[in-house]
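Undergrad: Line by line, the protein sequences give chains A and B. Quick note on the numbering used here: the first sequence kicks off at 1 and runs consecutively. Quick note on the numbering used here: the second sequence kicks off at 1 and runs consecutively. Backbone N, C-alpha and C define an ideal beta-carbon position, used for all residues, glycine too. One structure, pasted below without further comment.
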Amino acid sequence: MKTADISTMESITVNSAEAKPIVSVRNVHKTYPGGVEALNNISIDFPEGKLTTLLGPSGCGKTTLLKIIAGLLPATSGDILVEGKPVTGPGPERAFVFQDFALMPWANTMRNVAFGLELRGVSRSERESVAERYIEKVGLKGFEKKYPHELSGGMRQRVGLARALAVNAKVLLMDEPFSAVDEQTRRKFQEELLELVANERKTFIFVTHSIEEAVYVSDRIVLLHRRPSRVHAIIEPHITRDVDPEKIRRQPEYLDAVESIWQSLKQYLD
Amino acid sequence: MNIAGYRLPLFSSLILWAILWEILGHTDAKLILPPLSAIFFRIVEIVPTKLFIDALAITGKAFFIGTAIAICVGIPLGVLMGRSKLADDLLMPWVKVFLSAPLSAMVPIIMVLAGIGEATIILTVVLFAIWIVMLNARAGVMNISPSLVDMSRSFGASMYQSFVHIYLWAALPEIIAGIRLGLIRAVKGVIVGQLLVSVVGFGTLFDIYLAHFLMEHFWAVLLVIFAFAFTINELLAWAERSVRYYAASR
Numbered sequence: 001m002k003t004a005d006i007s008t009m010e011s012i013t014v015n016s017a018e019a020k021p022i023v024s025v026r027n028v029h030k031t032y033p034g035g036v037e038a039l040n041n042i043s044i045d046f047p048e049g050k051l052t053t054l055l056g057p058s059g060c061g062k063t064t065l066l067k068i069i070a071g072l073l074p075a076t077s078g079d080i081l082v083e084g085k086p087v088t089g090p091g092p093e094r095a096f097v098f099q100d101f102a103l104m105p106w107a108n109t110m111r112n113v114a115f116g117l118e119l120r121g122v123s124r125s126e127r128e129s130v131a132e133r134y135i136e137k138v139g140l141k142g143f144e145k146k147y148p149h150e151l152s153g154g155m156r157q158r159v160g161l162a163r164a165l166a167v168n169a170k171v172l173l174m175d176e177p178f179s180a181v182d183e184q185t186r187r188k189f190q191e192e193l194l195e196l197v198a199n200e201r202k203t204f205i206f207v208t209h210s211i212e213e214a215v216y217v218s219d220r221i222v223l224l225h226r227r228p229s230r231v232h233a234i235i236e237p238h239i240t241r242d243v244d245p246e247k248i249r250r251q252p253e254y255l256d257a258v259e260s261i262w263q264s265l266k267q268y269l270d
Numbered sequence: 001m002n003i004a005g006y007r008l009p010l011f012s013s014l015i016l017w018a019i020l021w022e023i024l025g026h027t028d029a030k031l032i033l034p035p036l037s038a039i040f041f042r043i044v045e046i047v048p049t050k051l052f053i054d055a056l057a058i059t060g061k062a063f064f065i066g067t068a069i070a071i072c073v074g075i076p077l078g079v080l081m082g083r084s085k086l087a088d089d090l091l092m093p094w095v096k097v098f099l100s101a102p103l104s105a106m107v108p109i110i111m112v113l114a115g116i117g118e119a120t121i122i123l124t125v126v127l128f129a130i131w132i133v134m135l136n137a138r139a140g141v142m143n144i145s146p147s148l149v150d151m152s153r154s155f156g157a158s159m160y161q162s163f164v165h166i167y168l169w170a171a172l173p174e175i176i177a178g179i180r181l182g183l184i185r186a187v188k189g190v191i192v193g194q195l196l197v198s199v200v201g202f203g204t205l206f207d208i209y210l211a212h213f214l215m216e217h218f219w220a221v222l223l224v225i226f227a228f229a230f231t232i233n234e235l236l237a238w239a240e241r242s243v244r245y246y247a248a249s250r
């Protein structure tokens, strides 16, 4: 299908969520004080072990939804279930990666990465050995004693990622994690994210406004529209990922998915 | 300071002014401005006397108790104002009024309340120092990046953990600046208080020296106090610089 029709995609994908959901969003509404409606009756299932992306134009409420799943914002009505249990606040089975990294500037890489474990009362030697492993994993070995202001933007986000991995949560919530790094670093990050999804048995919920990024990294894409904010479509780009990362961007499936999402979002441009 | 391409050592401008003072001190102006050298000899002479040491002890005690109260009460109040709209609405008008008001005029009222003595001096110090400490702690807390607060919550931090690990550290540069400014105001407070009460500490000394027109003695005490205030300022400025590495990148 050259110019895939969104409605047919919807019908293909709704039934094909083969993995069981680890996170379920049920009829979530969010109205901010002052009457701004951010989310209108959102229901989505997030299958375990997959990377699901929330994609949409700015103002569609994708970050709001992610923060509600994280337990950082309360929903006005509706439920979030994580492994069947309703969410009332942040929990150890979820970890958050922030758009602006949210590193403590007074703490070095080691302490930042180990911070989640520090809050849980894990002993210093234990948390530092865990942190060391993840610092190495994200490619920051040798930078343990550096402070955030001594690191580049990309390296800072690696610290943020290592911190989220170090608490060994089942669900990783990523709020536009690559939007504050430069384009080259961003591509590198996207490739590494694919490896991470393949190797770590974790569920990723990823927020982005970049169509290309969403199609490149996602198993499923939830397309959100604004005014009123709700789920417009769920797309599963069937891309072969066990090839050279450069080839992915030239696959017809990749290009078709990008094109169809663009066609459907275009009408919402101001 | 550079002159004709030469880099002059630190404090060289001070030396220049000191020389000028010394010269002026040997003219007719010496009646009110004795030569600097004479004042230094007088410092060496009077600092070890019991009169001076007693005055210093009383002043130091009032200063440290007063600033301790200002800091220990001011920082939590400032943090509260930064976090709670209600507290901010309640307290901010007072902070604004007292930051700009001529506080010396209020010392007589304190004297009526607390009597002529140490308590009045301590309260004066608190009155002078606390507002800027509060204002800075408030500003520090208000500037904390919301995502840092979200971060600590998302990793399960309790209220207490957030306060100790995030709020206090993130606001530390402003808090230290507030303490520095507060201490400078506290020096003013302790001296103004003593001058107005005039039977306590340096207030007594100033009274005696001026009554007998002992200008060298008078200047000697004044220079000691100036040096003290300057040292406090520099010490805290150093503390401020030691957190500057992250102050800019918060």
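#1: Quick one: residues in its chain with C-beta nearer than 7 Å to the C-beta of P35 (chain B), no 5 flanking neighbours on either side, listed in chain order?
#2: Could you confirm whether any beta carbon from chain A is found closer than 9 Å to the beta carbon of I166 (chain B)?
#3: Would you kindly check if the distance between the Cβ of L236 (chain B) and the Cβ of I271 (chain B) is under 9 Å?
#4: So, are the CB atoms of G66 (chain B) and I122 (chain B) less than 9 Å apart?
#5: Can a CB atom of chain A be found closer than 9 Å to the CB of Q194 (chain B)?
#6: Please compile the residues from chain A whose C-beta is within a distance smaller than 7 Å of the C-beta of S255 (chain B).
#7: Against chain B, does E273 (chain A) count as a neighbour if the rule is that its beta carbon must be under 9 Å from one of theirs?
#8: Decide if V171 (chain B) is buried, meaning its Cβ has at least 16 other Cβ atoms within 10 Å, or exposed.
#9: Measure the alpha-carbon distance for T185 (chain A) versus V138 (chain A) and round it to whole angstroms.
#10: Does G78 (chain B) come out as helix, strand or coil in the three-state DSSP assignment?
#11: At what residue ranges does the region 193–232 of chain B contain a whole run of the alpha helix (DSSP H), taking only runs of 4 or more?
#12: Shorter than 9 Å from the beta carbon of P243 (chain B) to some beta carbon of chain A?
#13: Counting only beta-carbon atoms, is K67 (chain A) nearer than 9 Å to chain B?
#14: Under 8 Å between beta-carbons, which chain A residues line up against M111 (chain B)? List them in chain order, please.
#15: Could you list the residues in the region 145–160 of chain A with a C-beta less than 8 Å from some C-beta on chain B, going in chain order?
#16: Where F128 (chain B) and R244 (chain B) are concerned, what is the direct C-alpha to C-alpha distance, given to the nearest angstrom?
#17: Does A170 (chain B) have its Cβ less than 9 Å from a Cβ in chain A?
#18: Contact check, V23 (chain A) vs L39 (chain A) under 8 Å by CB: the rounded distance?
#19: If distances are taken between C-alpha atoms only, which option among A:F98, A:I211, A:K145 and A:K141 comes closest to E176 (chain A)?
#20: Distance cutoff 9 Å, beta carbons only. Does S154 (chain B) sit that close to anything in chain A?
#21: So R159 (chain A) is in the beta strand (DSSP E); what residue range does that whole segment cover?
#22: Who are H238 (chain A)'s beta bridge partners in DSSP?
#23: Contact check, V97 (chain B) vs G193 (chain B) under 8 Å by CB: the rounded distance?
#24: Please report the distance separating the alpha-carbon of I248 (chain A) from that of S123 (chain A).
#25: Using 9 Å as the limit for Cβ to Cβ distance, is Y209 (chain B) near chain A?
#26: Around the Cβ of P148 (chain A), are there at least 16 other Cβ atoms within 10 angstroms (buried) or fewer (exposed)?
#27: Kindly indicate the opening and closing residues of the beta strand (DSSP E) around D45 (chain A).
#28: Reducing DSSP to helix, strand and coil, say where D54 (chain B) ends up.
#29: Rounding to the nearest angstrom, what Cα-Cα distance links I239 (chain A) and A233 (chain A) in this structure?
#30: So N233 (chain B) packs on I179 (chain B), CB below 8 Å; how close in whole Å?
#31: At a Cβ cut of 7 Å, what residues of the region 114–142 of chain A count as close to chain B, listed as they run along the chain?
#32: I believe K67 (chain A) touches M110 (chain A) by the beta-carbon criterion, under 8 Å. Please report the beta-carbon distance rounded to the nearest angstrom.
#33: Anything in chain B within Cβ reach of A180 (chain A), meaning under 7 Å, just list it in chain order.
#34: Spell out whether any CB of chain A is found under 9 Å from the CB atom of M151 (chain B).
#35: Determine the direct distance from the alpha carbon of A164 (chain A) to that of K170 (chain A), and round the result to whole angstroms.
#36: If we count Cβ pairs, one from each stretch, closer than 8 Å, do we get three or more for the region 131–143 of chain B versus the region 70–82 of chain B?
TA: In terms of the structure at hand:
#1: E22, G25 and H26
#2: yes
#3: No answer is possible for residue 271 (chain B): the residues shown for chain B start at 1 and end at 250.
#4: yes
#5: no
#6: Beyond the ends of chain B as shown, which are 1 and 250, falls residue 255 (chain B); an answer cannot be given.
#7: This structure cannot settle anything about residue 273 (chain A), because the visible part of chain A is limited to 1 through 270.
#8: Checking the sequence shown, residue 171 (chain B) turns out to be Ala, not Val. A171 (chain B) comes out buried.
#9: 13 Å
#10: helix
#11: 201–211
#12: Looking at the sequence itself, residue 243 (chain B) is Val, so the reference to Pro does not match. For V243 (chain B), the answer is yes, since a Cβ of chain A falls inside 9 Å of its Cβ.
#13: yes
#14: Chain A residues near M111 (chain B): none, gap ~44 Å exceeds 8 Å.
#15: Y147, P148 and H149
#16: 27 Å
#17: yes
#18: That pair is no contact at about 15 Å.
#19: A:F98
#20: yes
#21: The sequence as given places Val at residue 159 (chain A); Arg does not occur at that position. Run containing V159 (chain A): none in the beta strand (DSSP E); it sits in the alpha helix (DSSP H), G153 to A166.
#22: BP columns for H238 (chain A) are empty, so no partner.
#23: Not really, about 20 Å apart at Cβ, beyond 8 Å.
#24: 43 Å
#25: no
#26: buried
#27: E37 to P47
#28: helix
#29: 18 Å
#30: With a Cβ gap of about 11 Å, N233 (chain B) and I179 (chain B) do not count as contacting.
#31: F115, G116, L119 and R120
#32: About 28 Å; that fails the 8 Å criterion.
#33: Under the 7 Å cutoff, chain B gives no residues; its nearest Cβ is about 11 Å from A180 (chain A).
#34: yes
#35: 10 Å
#36: yes
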